[in-house]
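These notes are about the structure you will find just below.
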Amino acid sequence: MDSLGCKTAKSKELNFVFWSVVVHSNSKNFIGKSKPILEILALVDKIAPTTSTVLILGESGTGKELIARQLHLKSNRAAMPFVTLNCGNLQESLLESELFGHEKGSYTGANAKKIGLCEIANGGSLFLDEIGELSLGIQSKLLRFLQNGEFYRVGGKHPIHVNVRIISATHRDLEGQIKEEKFREDLFYRLNTITLKLPPLRDRAEDIPMLVEYFLKKTDQEKVFQIDPPVLELFVHYPWPGNIRELENIIERMKILTESNILSLDDVPIEIRTPTLQQMKIKKLDLELTLDEIEKNHILRVLTHCQGNKAQTARNLKITLKTLYNKLHNYG
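Counting in this note's numbering, the sequence shown runs from 45 upward without gaps.
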């Protein structure tokens, strides 16, 4: 276990199927200059030196693990292990063993003692990603660990004390899960002493050019890639349901498949290019319309959506049925 010591001289990361340990890292800062991101980064600087638990909320692909790493690297635990575990990848029985370890012979197949992640992370930080996927049984054991700072290995008889900072993350609505009795309320309040909510990429479009530039430079190829301005404009307008992860994957795909070092609209996957260009065209046309014309187009779109049902259309538009009839009469 010497490789986990704080005297490690260079970056060393041990990757496993479900979890990883980082002893030291020169990770890049979270990329962005938008107001919500600057506010998040200011909070990270403020809370990193504390020992408080932190709950990071956000859609998949928004960078929750990167923020967790920043919390660790900017704390006085930075020289100690940063251990990550995706709670959604393991069955309950395996998850308990991964977290707390097990004694030899504690169950069929336990041929040797296993050190759990809570013990490996001693002195450092334990990042529990997708915390909302935990079963109620594991939630109870995690709650006891948070309350007492101690745990038992599976099959163990003696408590093990550790000093670990817990950082967790989820894309789920935990408060909704509490109401559905799928998540413990007492554990929720233990986990979210401080809550950080990461915005989706579509709400921080001004950061997209910076992210694109970063991902263009992030390559093992000898090519120096550039991007056509129309592609960048398209990326800014695309809603990115997969967030930063989707943007990175799309750029990587384009870099691999292009014959040029300049990424053009032809290199953009059609499932992104076609609907986005159509939406951009609609927005540009709207800029040339009068207010009355915009209102007319909107009312007719809602009417079409409601399959000609005027009463439903009026309700959706929050106007009276008489007002709707008058407007439709004026349209001829």
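Backbone N, C-alpha and C fix where the C-beta goes; we use that ideal spot for every residue, glycine too.
From a predicted model like this one, the values you see are computed outputs, not experimental measurements.
For Ser304, the number of other beta carbons within 10 angstroms of its own is below 16, and it is reported as exposed. Under DSSP, Gln270 takes part in a beta bridge, and its partners are Ile306. Judged by beta-carbon spacing, Gly176 lies within the 8 Å limit of Phe227, meaning their Cβ atoms are closer than that value. Note that the C-beta distance between Ile84 and Leu291 is not below 8 Å.
Within the same chain, Cβ atoms closer than 7 Å to the Cβ of Ala355 are found at Leu365, the five residues on either side in sequence being excluded. The beta carbon of Met298 is closer than 6 Å to those of Leu307, Asp311 in its chain, skipping five residues each way along the sequence. Residue Val98 holds the alpha-carbon nearest to the alpha-carbon of Thr237 among Lys148, His116, Val98. A residue is called buried once 16 or more other Cβ atoms fall within 10 Å of its Cβ, and Lys108 is buried on that count. As the crow flies, the alpha-carbon of Leu172 is around 37 Å from that of Glu266.
Met254 and Leu110 have their C-alpha atoms spaced approximately 16 Å apart. Burial check for Thr357: the Cβ neighbour count within 10 Å reaches 16 or more, so the residue is buried. The C-alpha of Asp230 is placed about 16 Å away from the C-alpha of Asp217. For Ser169, the secondary structure class from DSSP, reduced to helix, strand or coil, is strand. Assigned with DSSP and collapsed to three states, Leu117 falls in helix.
For Ala86, the enclosing alpha helix (DSSP H) starts and ends at 79-91. In the DSSP annotation of this structure, the continuous segment of the alpha helix (DSSP H) that includes Thr357 starts and ends at 354-361.
Annotation: Thr106 to Gly132 spans about 17 Å, alpha carbon to alpha carbon.
Here the region 146-163 makes contact with the region 198-209; the two share three or more CB pairs at distances below 8 Å. When DSSP states are grouped into helix, strand and coil, Ala112 belongs to the helix group. Apart from sequence neighbours up to five positions away, the residues of its chain that approach Gly168 with a beta-carbon distance below 8 Å are His116, Arg121, Met124, Pro125, Phe126, Val127, Val208, Arg209, ordered along the chain. The C-beta distance from Gly286 to Ser104 rounds to 7 Å, short enough to fall under 8 Å. Taking 8 Å as the cut-off, the beta carbon of Leu101 is found closer than this to the beta carbon of Thr239. The residues Phe195, in chain order, have a CB closer than 6 Å to that of Phe189 in the same chain once the five nearest residues on each side in sequence are set aside. By the beta-carbon neighbour count (other beta carbons within 10 angstroms, threshold 16), His146 is buried. Taken atom to atom, the span from the alpha-carbon of Ser119 to that of Ala92 is near 5 Å. Apart from sequence neighbours up to five positions away, the residues of its chain that approach Leu368 with a beta-carbon distance below 8 Å are Ile343, Lys354, Thr357, Ala358, Leu361, ordered along the chain. In the DSSP secondary-structure assignment, Phe195 is bridged to Ile204.
Along the length of the region 217-286, whole beta strand (DSSP E) runs at least 3 residues long occupy 238-241, reported in chain order. A Cβ-Cβ contact shorter than 8 Å links Leu235 with Ser212. For Thr367, the uninterrupted alpha helix (DSSP H) segment begins and ends at 365-375. Rounded to the nearest whole angstrom, the CA to CA distance from Ile295 to Val88 is 28 Å. Nearest Cα to Phe259 within the set Asn293, Leu139, Glu250: Asn293.
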